[in-house]
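Colleague:
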Amino acid sequence: MMIRKALLGGGALLAMLATSPAPLLADASEGQVAAVMDEGLNRSEAMVMASELLDGIGPRLTNSEGYRRAADWATARMTRLGLQNVHREGFEFGLGWNVDSYRAVMVTPRRIELTAIPVAWSPPTEGTLRAPVVLAPMSKAEHFAQWKGKLAGKVVLISMPGTSGEPSKPAFQRYDDKQIGEYDKYDLPSFDPHAADRRAKRTNFPLELSRFLKAEGAVAMVRISYRDGKLVHGEGYNFRPGETLALPAFEVAAEDYRRLARLTTTGTAPTLELALAARFDASNLMAENLFGEIPGSDPKAGYVMAGAHFDSWIAGDGAADNGAGSVVVLEAARILMRLGVKPRRTIRFALWAGEEQGLLGSRAYIDRHLASRPIDPKLTGIAAYSAWSQAWPITPKPGYGDLKAYFNLDNGGGKIRGIYAEGNIAAEGMLGKWLNPFASLGAGRVVTGKTGGTDHVFMQAIGLPGYQFIQDPLDYDSRVHHTSIDTLDHLRGDDLRQAATIMAAMLLQAANSDKDLPRMPLPSKPVPTDPFKVRDPDE
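Sequential numbering from 1216 applies to the sequence shown in this note's numbering.
1) Using CA atoms only, rank isn't needed, just tell me which of W1312, A1346, W1336, P1339 is closest to P1324.
2) Using DSSP bridges, identify the partner residues of S1587.
3) Is R1495 helix, strand or coil when you go by DSSP?
4) Got a sec, what are the start and stop residues for the beta strand (DSSP E) W1528 sits in?
5) If you follow the alpha helix (DSSP H) that M1375 is in, where does it begin and where does it stop?
6) Is the region 1634-1647 in contact with the region 1492-1501, if contact means three or more CB pairs nearer than 8 Å?
7) For L1333, name the three-state secondary structure that DSSP assigns.
8) May I ask which residues mark the beginning and end of the beta strand (DSSP E) holding I1439?
9) Could you check which residue in I1609, G1246, R1578, N1257 has the C-alpha nearest to that of Q1713?
10) Which of the three DSSP states is assigned to A1415 in this structure?
11) Could you tell me the boundaries of the beta strand (DSSP E) in which K1355 lies?
12) Which term fits P1558, buried or exposed, when burial requires 16 or more other beta carbons within 10 angstroms of its beta carbon?
13) At a cut-off of 8 Å, is D1392 close to the ligand ATP when judged by its beta-carbon and the heavy atoms of the ligand?
14) Put N1537 into one of helix, strand or coil per three-state DSSP.
15) Please identify the residue among G1482, G1311, F1684 whose C-alpha is closest to the C-alpha of G1667.
16) Pull up the CB-CB distance for A1461 and V1334, whole angstroms please, since I reckon it's below 8 Å.
17) Between A1606 and R1588, what straight-line distance do the alpha-carbon atoms span, to the nearest angstrom?
18) Since T1669 and N1623 should fall inside the 8 Å C-beta cutoff, what is the C-beta to C-beta distance between them, to a whole number of angstroms?
19) Where do the ends of the beta strand (DSSP E) carrying F1564 lie?
20) Below 7 Å CB to CB, which residues in the same chain sit around A1241 once its five sequence neighbours on both sides are set aside?
21) Roughly how many angstroms separate the alpha carbons of P1238 and S1577, rounded to a whole number?
22) Kindly list the residues whose CB is nearer than 8 Å to the CB of S1425, restricted to its own chain and excluding five residues on each side of it in sequence; keep chain order.
23) Can you grab the Cα-Cα spacing for the pair R1326 / A1484, in whole Å?
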């Protein structure tokens, strides 16, 4: 309250405060930023929202029942906050998939409950299946020949077991200035015309493998978790609408998988019992993005937007990825609504679906509102993701120029430390000015470098000002990302309220700025960076 007295001053304004829910803020002055800090840091609701979403609803696989429950929750909250134009935008996705229960047990040579998870969009088992395992690692179609006639009636271990890791870095960390500074560099552009084809080949292989195993009479396939520590993931990147794995698929914790592999190679193969009760849902093939707005006073000034992906994989509760970013977006909306802001530009809040399957939700938004690229309409999922960024020309839509800034949060629950300028040196000055009030909160850095893998990427790819914040890593990459321990326990309340406060202030300053963020030119087709380099065709 002392901050508000100092900012607003005068008996009349203080009397208004006593009868009004919040001060009405007309421009993004220093006073407004201070008021945002006061509301966001002293009266945060971020962790309460996080518990409702993550403890109460949990994982949100795109087009699943969990995602739809979460979407109902989020749109209801947007409406209660008083946001305008709260709505959903559907885009074609494909089958929903819901898992009711699953179990994996080694029953011989001794009984062990395995740490395991089904692979998303795996077909169910018919009750409990019981079969011996065979270790048959296969990573490309050329490996199939050596296993023909040897897999009937078997649970096939498809991964090389490898050895346990020897971590050389701490599992939990926060950035220091030196580490952040390593991102402050301009990476020379590179163009590899074959990259999309290689990615498509890698992501299509599990589907091809499952068909081979089914044809050979195998009853299930099992892969190894890619992290140690009894962590499992359950990612189903190979899913494509109408094309799911041909037989039940599980991921087993690395320690359990290696035990199975050792027993298989040193004696009688173990016998497993696998049970998966899962349901495909063809009742609604459309996934949904979620939106709400604070209307701007100038309809010709365009809009700014904050976004995070709302979907998750099935392991854990989807907390760090990306319940944290979603809660920050909603809390930023709450802060600005509580302060009664009247921005010049509309402020739009977006929660994306289908990010985990190839940024599908944000790409659908781009295709509908911003620009188009000529990709083969038969491509879906990761294949479409790979092809989209290499399809030319880019054709802007009438709404292309309306988006003035997009701020994304999707690197876990760590506090904001700065922002990536994505190689747009001309934008660094304005981004730095808007971040400067938060230097004392550890968030003052603007770095030239790029970051990828999330929903700002395709906006940058068409020359729009889309930006991702730098965040403290915490234990996101080391053990939480996509794993069975991605729960609220691995978020930090202080970090979420700091991030939401900064998100709200960045939106407000961008919405009221008398200048637009500088844009990069509309990209056109590049030439291969090194046309003489000979590449491994299996790379």
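Glycine residues also receive a C-beta, built at the ideal position from the N, C-alpha and C atoms.
Modeller: In terms of the structure at hand:
1) Minimum Cα distance to P1324 is reached at A1346.
2) Looking at the DSSP output, S1587 sits in a beta bridge with T1610.
3) The amino acid at residue 1495 is misidentified as Arg; the sequence shows Phe. Three-state result, F1495: strand.
4) Looking at the DSSP string, W1528 is not in any beta strand (DSSP E), and its letter there is neither H nor E.
5) Here M1375 belongs to no alpha helix (DSSP H), and DSSP marks it neither H nor E.
6) The region 1634-1647 vs the region 1492-1501: no contact.
7) First, the residue type needs correcting, since residue 1333 is Pro and not Leu in the sequence shown. Residue state, collapsed to three classes: strand.
8) 1435-1439 is the span of the beta strand (DSSP E), which, as asked, contains I1439.
9) Checked all of I1609, G1246, R1578, N1257; the closest Cα to Q1713 is N1257.
10) In this structure, A1415 counts as helix in the three-state DSSP scheme.
11) Judged by DSSP secondary structure, K1355 falls outside any beta strand (DSSP E); it is assigned neither H nor E.
12) Answer is buried; the Cβ neighbour count reaches 16.
13) As presented, the structure is devoid of all ligands, the ligand ATP included, so that no description of it is given.
14) Of the three classes helix, strand and coil, the one that applies to N1537 here is helix, per DSSP.
15) Check the Cα spacing between G1667 and each of G1482, G1311, F1684: the tightest is with F1684.
16) Under the criterion of beta carbons closer than 8 Å, A1461 and V1334 do not qualify as touching, at roughly 12 Å.
17) Each residue's Cα considered, the two are about 6 Å apart.
18) 6 Å between Cβ atoms; contact.
19) Secondary structure note for F1564: its beta strand (DSSP E) is the uninterrupted segment 1561-1567.
20) With a pLDDT of 45 at A1241, under the threshold of 50, the modelled position of that residue is not reliable, and no figure is offered here.
21) Reliability fails at P1238, whose pLDDT of 45 lies under 50, so the model's placement of it is uncertain and no value is given.
22) Only residues of its own chain outside the window of five on either side were considered, and among them M1436, L1460, A1461, L1462, A1464 have a CB closer than 8 Å to the CB of S1425, listed in chain order.
23) Using only the alpha carbons, I get a separation of about 14 Å.
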